[in-house]
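Beneath this line is the structure, given in structure tokens, with notes to follow.
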Amino acid sequence: MSKILSTPLPRRRFVTGAAAGAALLGLSPGSVLARSPQRQPGQVPELRGQRFDLHIAYQSVNITGRDALATVVNNSLPAPTLRWKEGERVHLRVHNHLAADSSIHWHGMILPSNMDGVPGMSFAGIKPGSYYDYTFDVQQSGTYWYHSHSGFQEQTGVYGAIVIDPAEPDPVQADREHVVVLSDWTDQAPEALYARLKKQSHYYNRRERTVGDLWQDLREKGLSATWQDRAMWNRMRMSDSDIADINGLAYTFLVNGHSPDDNWRALFKAGETVRLRIINAAAMTLFDLRIPGLEMTVVAADGQNVEPVTVDEFRIAPAETYDVLVRPSADRAYTLFAQSIDRSGYACATLSPNSEWQAEIPAMDHAPRLHHRDMGMDHSAMAMAGAAHAGHTPNPATPSGDMNHGSMNHGKMDQRDMSRDVDSHAGHGPPAEMDHRHHGMHSQTVPPDAPIAPAGAGSRAVISHPASENNPGVDMQAQMPANGLDDPGIGLREHAQRYGRRVLRYSQLFNLGKTLDRRDPERELAIHLTGNMSRYMWSMDGVMFDDAEPILLRFGERLRIVLINDTMMTHPIHLHGLWSELETGEPLRIPRKHTIIVQPGSKISYLVSADAVGRWAYHCHLSFHMPGMFREVRVIGGAA
Amino acid sequence: MKKVAILLLGSCLGNTALAGGKADPMLGSVIINELERRSDQRESAVDMEAWLGHDIDKLWVKLERSAEAGSTDEAALQLLYSRAIAPFWDLQTGLRRHIDDGDADNALVLGVQGLAPFNVETDAALFVDDDGMVTAEIELGYELRFTQQWILEPEITLIAHSETDRERSLGSGLAEVETALRLFYYPQREWAPYVGLAWHRTLGDQRDFAETAQSEQWLIGIRGWF
Ligand SMILES: [Cu+2]
């Protein structure tokens, strides 16, 4: 236990990570502690090999200028980068020095269920003062990460990168590489933030509509358009500026543990190809990342190689990873700029041939507002207000006579009817009717006689809402969910026109190799992401995890999961233990991901091969959505 | 009455045991809606609430009190079991003890509290007292946001009685209307000082008992929660 320092490390030593080691070995503390604008934040320590000892402990840190308590691994925030080799067996002894149960989950790893690290599901958790031995074969390569799956420990610092070198020569060639771990830090206890959201869910929204906004809309759009635009929000008692539950008011956004003031540095030589392994380890923050002056070639998503696609900007949700190649030809510094989805703050770092140089830090983009499509209303129909709507594809179940959104009168629509009578109304609304009998019900399977679309292009099934959604914990339903595949996301949709930036869309991701499991899905599972924004409740199909039955998969089966987002928030959904094969249109090139962004009011589908027996967690990766928006997926029937 | 109180408490504790999940921790909050001084006869008024419980089930306490020049004039304390029945609505039931110039009476309460479409804050309740008198009270408020800090809140309260009670100076029908306009400044989300104007009117049979049918007052006060 001597490895664990019980005394707090001063800021400078702590935040510099690897450099701290040198400092502790006898460099004069004065030179280390001095805070100067030229200082160079150090690298996160990297551990290599097959045997690892990881110690989870409390640590005093100073990230915002004030001391705060973090939970960290081996005295480092982020935790040390683990470097593995594909095909090798790794042994990781994880010691818990906290006063509470702990755990480590190896995010994105394909491994036996009892090594997955989810307390209460894969194992009992690691008791205070004890350890757990994780042992598994590394069967994949690429960029992944690890984090605690206990309480809110991930949010307070237990997260780190995993880099796995491939057994075969890497198809991605680079002259050098840097790991970039994005995260959000708060000095406050996560439990306190969660309680605050339960009491006043709009607490962190400082862009609520004002009389001034209304006046501006009236002048620009006129009375009737303004009315049409505002009426829905007002009837639904929602705000179009609810983009992030928690934002820069509470969080400092970090790159490799460093605040924007620190401005973490990464070096290159002009002309080199640099591989950036970008991991979003934030608790609650989606980032939009770009490097002004450099185009980025996305070569891997969630650790898996994809056909290279060159973009200027991409959104990365908590738990996602992207590997990009950049080729800085000029002898100058560049800023890696990751702004939060609601533009309340940013994380940044500098890529530079010279550690003294810095580039300009760009201004944040305009703050997005939600639109009707984000509430599951049909986008094209809205744009064609009142006009004939030949040309767009309505939900097949929706009689075209009801498609005229432009003149749709919400006031006349009984909300009860709207939620009940799904197929006849192309609208949305709060489910007003209570039905507790269905609380235990889990996700519905599309009837066996319904034709299931072949692998590749996604689901053609009719969207219907389970009765279990009709409860006080669900405040809206997407009746005409938009296609989430081709949507770069809220706040990014206009970036091509507005800024001339190419923004990555999921529909551009194609696996570099051939799809391994070429079977068509045998069945479809539709799961609705649900919640009540003002009560701050989150669930799947209207049922919170505590009240939910496990989702059962037969070992060996190939199925399609369709996620429908019946909320106004963006949810990154993570399935443990099995790949989520996102259907981007090309059956032989289906990209494998572990975390899928589901845009508000949208649907998206992916294939799953139930090839690993056990109990697996399935949940939204936003820390404060996870407790409720969570399911157990149990793969049964095969040999363990 | 005692029985009801025990029942309410029981249901709250029972739920605590069942819903111990991380998603739904037991939380509590104290909300001071209004703590204000009024221009008339140095009158002061308090309107505060507190709750304890989970997402769906909560125990609520509501206190309203108005005093004139230091002595308590009128106070009402409610103890309520609150259950979420719809996305934006809670059903609240329990007891109210009402004290007016030293006379106390108890009533059963059945009410709804929540957010109506167009973001109208609503608190509506029926009070049935020992003598079978039914009083209906509805309070509606709306936040008009000038900036993220400056908020104007119009509020209207209506009170009606089912019958006339001479002893207690209550007249049947719609009896009282109070409208108030308060301008808040929020330096933080948690609290705000405000100034306002209230306009009170006595109506119908209630007029027979009122000293003045109509009054206007300036207000100065503070609102907060934690
Ligand atoms: Cu979520």
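Sequence order for the protein chains is Z and A. Letter 422 of the first sequence, counting from 1, is numbered 532 in this note's numbering, and no numbers are missing. Letter 114 of the second sequence, counting from 1, is numbered 125 in this note's numbering, and no numbers are missing. Ideal placement from N, C-alpha and C gives every residue a C-beta, glycine not left out. Here the structure is a predicted model, which is why all the values come from computation and not from measurement.
Within its chain, find whatever has a CB closer than 6 Å to the CB of residue i; leave out the 5 residues flanking it on each side and keep chain order.
i: Ser232 (chain Z); result: Ser223, Asn224 and Asp226
i: Glu166 (chain A); result: Gly152 and Ala191
i: Met494 (chain Z); result: Note that Met494 (chain Z) scores a pLDDT of 35, beneath 50, so its modelled location is shaky and nothing firm can be said.
i: His288 (chain Z); result: Ala376 and Leu386
i: Thr174 (chain Z); result: Asp297 and Thr362
i: Tyr244 (chain Z); result: Leu202 and Met225
i: Met736 (chain Z); result: His729 and Cys730
Ignore the nearest five residues each way along the sequence and tell me which others in residue i's own chain have a CB closer than 7 Å to its CB.
i: Trp194 (chain Z); result: Val200, Val248, Ile272 and Ile274
i: Ala751 (chain Z); result: The structure shown does not extend to residue 751 (chain Z), since chain Z spans only 111 to 750, so no value can be given for it.
i: Gln148 (chain Z); result: Residue placement at Gln148 (chain Z) is poorly supported in this model, since its pLDDT is 38, which falls under 50; the coordinates are not used for a value here.
i: Pro190 (chain Z); result: Val154, Pro155, Glu156, Leu157, Val183, Asn184 and Gly270
i: Pro204 (chain A); result: Tyr196 and Ile233
i: Leu221 (chain Z); result: Phe246
i: Ala221 (chain A); result: Thr213
Considering only DSSP beta bridges, list what residue i is partnered with.
i: Lys33 (chain A); result: Answer is none; Lys33 (chain A) lacks a bridge partner.
i: Trp216 (chain Z); result: Z:Tyr256
i: His729 (chain Z); result: Z:His684 and Z:Phe740
i: Gly270 (chain Z); result: Z:Ala189 and Z:Tyr256
i: Lys73 (chain A); result: A:Glu60 and A:Gln89
i: Gln8 (chain A); result: Shown here, chain A extends from 12 to 237; a query on residue 8 (chain A) therefore has no answer.
i: Glu166 (chain A); result: A:Gly152 and A:Ala191
i: Ile746 (chain Z); result: Z:Arg664
i: Lys713 (chain Z); result: Z:Asn593 and Z:Ile674
i: Trp337 (chain Z); result: Answer is none; Trp337 (chain Z) lacks a bridge partner.
Mind checking whether the beta-carbon of residue i lies closer than 7 Å to any heavy atom of ligand 1?
i: His681 (chain Z); result: yes
i: Leu37 (chain A); result: Residue 37 (chain A) is actually Met in this sequence, not Leu. Not so, every heavy atom of ligand 1 lies at least 7 Å from the Cβ.
i: Cys730 (chain Z); result: yes
i: Trp216 (chain Z); result: no
i: His735 (chain Z); result: yes
i: Met650 (chain Z); result: no
i: Met485 (chain Z); result: no
i: Met394 (chain Z); result: no
i: Met739 (chain Z); result: yes
Taking the straight line between their C-alpha atoms, what separation do you get for residue i and residue j?
i: Arg286 (chain Z); j: Phe378 (chain Z); result: 8 Å
i: Ala61 (chain A); j: Lys73 (chain A); result: 7 Å
i: Asp630 (chain Z); j: Ala606 (chain Z); result: 35 Å
i: Asp66 (chain A); j: Gln225 (chain A); result: 41 Å
i: Gln124 (chain A); j: Ala341 (chain Z); result: 22 Å
i: Ala115 (chain A); j: Arg76 (chain A); result: 14 Å
i: Ser690 (chain Z); j: Val57 (chain A); result: 56 Å
i: Gln160 (chain Z); j: Leu202 (chain Z); result: 8 Å
i: Leu214 (chain A); j: Asp111 (chain A); result: 20 Å
i: Gln305 (chain Z); j: Asn642 (chain Z); result: It is worth fixing the name first, because residue 305 (chain Z) is Ala in this sequence and not Gln. About 15 Å.
i: Gly403 (chain Z); j: Phe157 (chain A); result: 40 Å
i: Gly235 (chain A); j: Ala477 (chain Z); result: 29 Å
i: Thr146 (chain A); j: Thr223 (chain A); result: 21 Å
i: Glu742 (chain Z); j: His686 (chain Z); result: 10 Å
Does any C-beta atom of chain D lie closer than 8 Å to the C-beta of residue i?
i: Lys69 (chain A); result: Looking at the structure shown, chain D is missing, and the protein chains on hand are Z and A.
Leaving out the 5 sequence neighbours to the left and right, which residues in its chain are closer than 8 Å to residue i when beta-carbon positions are compared?
i: Met544 (chain Z); result: The predicted model places Met544 (chain Z) with a pLDDT of 36, which falls under 50 and marks its position as unreliable; any figure quoted below should be read in that light. Around Met544 (chain Z): Asn580, Asn581 and Pro582.
i: Tyr241 (chain Z); result: Arg203, Val204, His205 and Asn206
i: Glu264 (chain Z); result: His257, Ser258, Ala391, Ala393 and Ser733
i: Gln468 (chain Z); result: Asn373, Ala443, Thr445, Thr460 and Ser462
Evaluate contact between the stretch 228 to 235 of chain A and the stretch 39 to 52 of chain A, counting only Cβ atoms and requiring at least three cross-stretch pairs below 8 Å.
yes
Report task. Would you be able to state if there are at least three C-beta pairs under 8 Å between the stretch 632 to 650 of chain Z and the stretch 387 to 396 of chain Z? Result -> no
### Message
Would the stretch 561 to 578 of chain Z count as touching the stretch 372 to 387 of chain Z if we require 3 or more Cβ pairs under 8 Å?
### Response
no
### the stretch 342 to 352 of chain Z / the stretch 474 to 485 of chain Z touching (three or more Cβ pairs under 8 Å)
yes
| said: Does the stretch 591 to 605 of chain Z come into contact with the stretch 655 to 669 of chain Z, if we say contact requires no fewer than three beta-carbon pairs (one atom in each stretch) closer than 8 Å? | reply: no
Is there contact here, the stretch 86 to 94 of chain A with the stretch 118 to 135 of chain A, by at least three beta-carbon pairs under 8 Å?
yes
Does the contact criterion of 3 or more C-beta pairs under 8 Å hold for the stretch 364 to 376 of chain Z versus the stretch 406 to 419 of chain Z? no
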